[in-house]
Amino acid sequence: MSKLKKQQFIVVFILALLSALEPFSIDLYLPGFLKISQYYHTDLKAVQFSISTFLAGFAVGQLFWGIISDKYGRKWPTIISLLLFIAATVACIYATSIEQFWIARFFQAFAGCAGVVIARAIVNEYFEQDDTMRVFSLLAIIAGVAPIIGPVAGNFLVSHFEWQSTFVTLFVLGVISLLLVVFFLPETKVKTALNAPKRNLMQDFKAVFKVKTFLKYTLIGSVTYSILMIYLANAPYLIMEYGQLSSATFSYIFAFNAVGLMVGAWISNSFTRWWSIRQIIFYTTIAGLICSVVFLGFCIAQQPIEWLLIPLFFIILTLGVLFPTTTKLALEPFHENSGSASALLGSLQLMLTFIISAMTNLIPLDLLILTGIALFVCHILYLLCYWIKEK
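Going by my numbering, the first residue of the sequence shown is number 29, and it counts up by one from there.
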């Protein structure tokens, strides 16, 4: 495994910033929900719907930008997407109705997700095969700063300024990302691939799905993303309503758990000295299952929030291990159409998340117990996915 050069570290930083735009776009404005509802004279449910429109834009955008980047290269689609992200962020700031705000959020996600999709493809193309695991781990660690800073910074901004200040911050991040991409990000899609004969889109997707390694680790990665979304959706209830803790305390707990994501990403790379990536994934899923059983038991027993947070932290830590490892193995077989594969990976993650969320919402149980059951079921799905044969 060779050392990363200075230029490669610059590329990693740019890719991490692009990947962080999505979590920043979600976490930063959450503390401003009440102010947004008052500004538009609506209820919190209407404001919460902006998360749904954001995720919808994210799902659609991943397929679009994956296809475009395979056809036209990585750099120019990234530049165009950032220009659209900046424009959509301005639209969020100046939206005069909640409906306009929903639409602006959709296009903000549609444009912003390009960085996530294209970043994964660039790693697969720009770095040597032996270095990709380390790079994916670095991306996860650096991008993991977003959910640490996001809620704390958002709480500070809405406490001292209007809610629009969170989107002004996103605007600034978008401009910085654009400048870095224009001046420092190389084109990694080789010219021979760009000039290759046009391929049928459905044939590309069909070819990707035929690779069982991709299917297996995409499903595991999708369950991982579902667990993260279950946590994000229910953390406010668990900590502030069930735990009766303040919003400031919520921000600190949220940030501390985000550190678990970063620690997990560090572990995913460090432990390759002793175990293969596949062994790391297997042991991590077993550890996550044990933690989910403990968490479910605490939920059923109605234990204090302090007890619930212990297994929850370690569940979040396992997610940090699984995100880079599953991404690495899912995209490993692809080079020519890695953009399409990356787009499918992201879209399948969101699709499975929507299905799991919809199913859990239909179950008439107490939200605390329902959260415990949902996390436990997801960890059972881990094991089922793991036993899919790769050949």
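Here a beta-carbon is modelled for each residue, glycine too, at the ideal position from N, C-alpha and C.
For Glu153, the uninterrupted alpha helix (DSSP H) run begins and ends at Ile126 to Tyr154, by DSSP. Going by C-alpha positions, Ala132 is about 25 Å away from Leu380. Between Lys244 and Cys413, the C-beta spacing is below 9 Å. In the three-state DSSP reduction, Ile416 falls in the coil class, being neither helix nor strand. Leaving aside the five residues that flank Pro339 on each side, the residues in its chain whose CB is nearer than 8 Å to its CB run, in chain order, Cys319, Ser320, Val322, Phe323 and Phe326. In the structure shown, Pro264 falls within a helical segment according to DSSP collapsed to helix, strand and coil. The beta carbon of Val349 is closer than 6 Å to those of Gly292, Ile295, Ser296 and Thr312 in its chain, skipping five residues each way along the sequence. Restricting attention to Leu345, Leu372 and Arg301, the CA atom closest to the CA of Phe284 is found in Leu345. Taking 9 Å as the cut-off, the beta carbon of Ala286 is found closer than this to the beta carbon of Pro175.
For Ser125, same chain residues with a beta-carbon under 7 Å away, outside a window of 5 residues either side, are Tyr68 in chain order. For Trp93, the closest of Leu337, Gly271 and Cys141 by C-alpha to C-alpha distance is Cys141.
Between Leu110 and Leu206, the C-beta spacing is below 9 Å. Straight across, the Cα-Cα distance linking Cys406 with Phe211 is about 42 Å. Within the model, the alpha-carbon separation for Phe199 versus Phe135 is close to 14 Å. For the 9 Å CB-CB criterion, Leu208 and Ile146 do not form a contact. Counting only the Cα atoms, Ser375 lies some 17 Å from Ile258. In the three-state reduction of the DSSP assignment, Ala48 falls in the helix class. When DSSP assignments are scanned along the stretch 57-95, no uninterrupted stretch of beta strand (DSSP E) that is 3 or more residues long falls wholly within it. Pairing Leu395 with Ile314, the inter-Cα distance amounts to about 25 Å. Counting C-beta atoms within 10 angstroms of its own C-beta, Phe138 has 16 or more neighbours from the protein chains shown and is therefore classed as buried.
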